[in-house]
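For reference, the structure is listed below as structure tokens.
2 protein chains.
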Amino acid sequence: MKDLFGSPGQVSGLLLRIGQCLFASASIGVMASASGFSTTTAFWYTHTHTHTHTHTHSLSLSLCIFSVAIIPDVTSVLSLAAACSATGVVILLSRDTNFCRVEKQLACSTFKISVALAFVSWFLLAISSFVMFWLLASV
Amino acid sequence: MKDLFGSPGQVSGLLLRIGQCLFASASIGVMASASGFSTTTAFWYTHTHTHTHTHTHSLSLSLCIFSVAIIPDVTSVLSLAAACSATGVVILLSRDTNFCRVEKQLACSTFKISVALAFVSWFLLAISSFVMFWLLASV
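Chains as they are written, first to last, in UniProt numbering: chain B, 1 to 139; chain E, 1 to 139.
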């Protein structure tokens, strides 16, 4: 196996996984603190997917099980899908319409922070997925 | 270069590119027929990105220029982002709230069809991107 940045067994790989886990956990926590997030499918999906992903994927991958690692890495596509769908809704509520200004009970700032954290988590996951895929193709 | 399904120079590769172009064009046409789509950022972004992508990417790639092909293939991530952000908004309007039932002037069915077509286009593009990336990694 080539020694690429972020590959399993490398310190950089472990740091990437820890970073994914931390940012995903922060995104989950911030989203959960916003009341009524579960009534919007995009927010609920982002929260649920990130939650599932964090607990089943990032920590187990830090144990460097290569054969297991490549399968859940495919879910980085779902992470991006979740973050983007939530972003579409946040932009609709805060910029395209006046809902965030009119409906004061909407926790728009909280949603924005949670989505931003989900994007950072996805970016770190994308690096790991890229490296894993590269390793798999070059074997 | 390995002879993989969908690789440049293969009939399957050309068919994939033609499929991407057709579905993306259909998505653009359907979205453009929905009045007021440009006031929603997610719909506007989906339309603009798909439009740009179709004209600059899919057709030029069918000419089998490998060195040029790998760069725009990265934009498949942006295509997914566009489709997902629009999906988030469509689900918000049609399922999470009653906007589609109350606001009859909203062309919800048209938005749904356009987003579905964008997803099909992205799926075909993802196959091409996957193959191109695999070829690049295994060179």
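Positions of the beta carbon are idealized from the N, C-alpha and C atoms, including for glycine.
Small disclaimer: the values here were computed from a predicted structure and weren't measured.
Taking 8 Å as the threshold, the shortest C-beta distance from LEU92(B) to chain E falls below it. Distance check between ALA116(E) and each of THR46(E), SER35(E) and LEU15(E) places THR46(E) closest, using alpha-carbon atoms only. About 12 Å separates the CB atoms of ALA118(B) and CYS84(E); that is not less than 8 Å, and the two are not in contact.
By the beta-carbon neighbour count (other beta carbons within 10 angstroms, threshold 16), VAL131(B) is buried.
Scanning its chain for C-beta atoms nearer than 6 Å, with the 5 sequence neighbours on each side dropped, one finds around LEU124(E) the residues LEU16, GLY19 and GLN20, in chain order.
Burial is judged here by how many other beta carbons sit within 10 angstroms of a residue's own beta carbon; THR52(E) has fewer than 16 and is exposed.
Rounded to the nearest whole angstrom, the CA to CA distance from GLN105(B) to SER25(B) is 24 Å.
For ALA34(E), the secondary structure class from DSSP, reduced to helix, strand or coil, is coil.
Excluding residues up to 5 positions away in sequence, PHE23 lie with their Cβ nearer than 7 Å to the Cβ of VAL120(B) in the same chain. Restricting attention to ALA137(B), LEU136(B) and LEU93(B), the CA atom closest to the CA of THR40(B) is found in LEU93(B). If you draw a 10 Å sphere on the C-beta of VAL139(E), you find fewer than 16 other C-beta atoms in it, and that means exposed. Straight across, the Cα-Cα distance linking LYS112(B) with GLN10(E) is about 44 Å. Listed along chain B, no residue sits closer than 9 Å to ASP3(E) by beta-carbon distance, the nearest being about 15 Å off. Counting only the Cα atoms, LEU135(E) lies some 42 Å from SER35(E). By the C-beta density criterion, VAL89(E) is buried, having at least 16 other C-beta atoms within 10 angstroms. Taking C-beta atoms as the reference points, ALA42(E) and ILE91(B) count as a pair closer than 8 Å. Straight-line spacing of the CA atoms in SER79(B) and VAL102(E) works out to 32 Å. Within chain B, the residues THR41 have their CB atoms less than 9 Å from the CB of ARG95(E), given in chain order. Under the three-state reduction of DSSP, VAL139(E) is assigned to coil, being neither helix nor strand.
Sequence-distant Cβ neighbours of ASP3(E) in its own chain, meaning closer than 8 Å and more than five residues away, are GLN10. A Cβ-Cβ separation of about 3 Å places ALA137(B) in contact with ALA137(E) under the 8 Å criterion.
From the beta-carbon of TRP122(E), no residue of chain B is found nearer than 9 Å; the closest lies around 10 Å away. Neighbours of THR87(E) across chain B, judged by C-beta separation under 9 Å: ALA42, ALA81, CYS84, SER85 and GLY88. Out of ASP96(B), CYS100(B) and THR50(B), the CA that lies nearest to the CA of SER76(B) is found in THR50(B). Secondary structure at THR87(B): helix, using DSSP grouped into helix, strand and coil. In the DSSP assignment, ALA107(B) falls outside any alpha helix (DSSP H), carrying neither H nor E. When the alpha-carbon of SER114(E) is set against those of SER7(E), SER33(E), PRO8(E) and SER12(E), the nearest one is in SER33(E).
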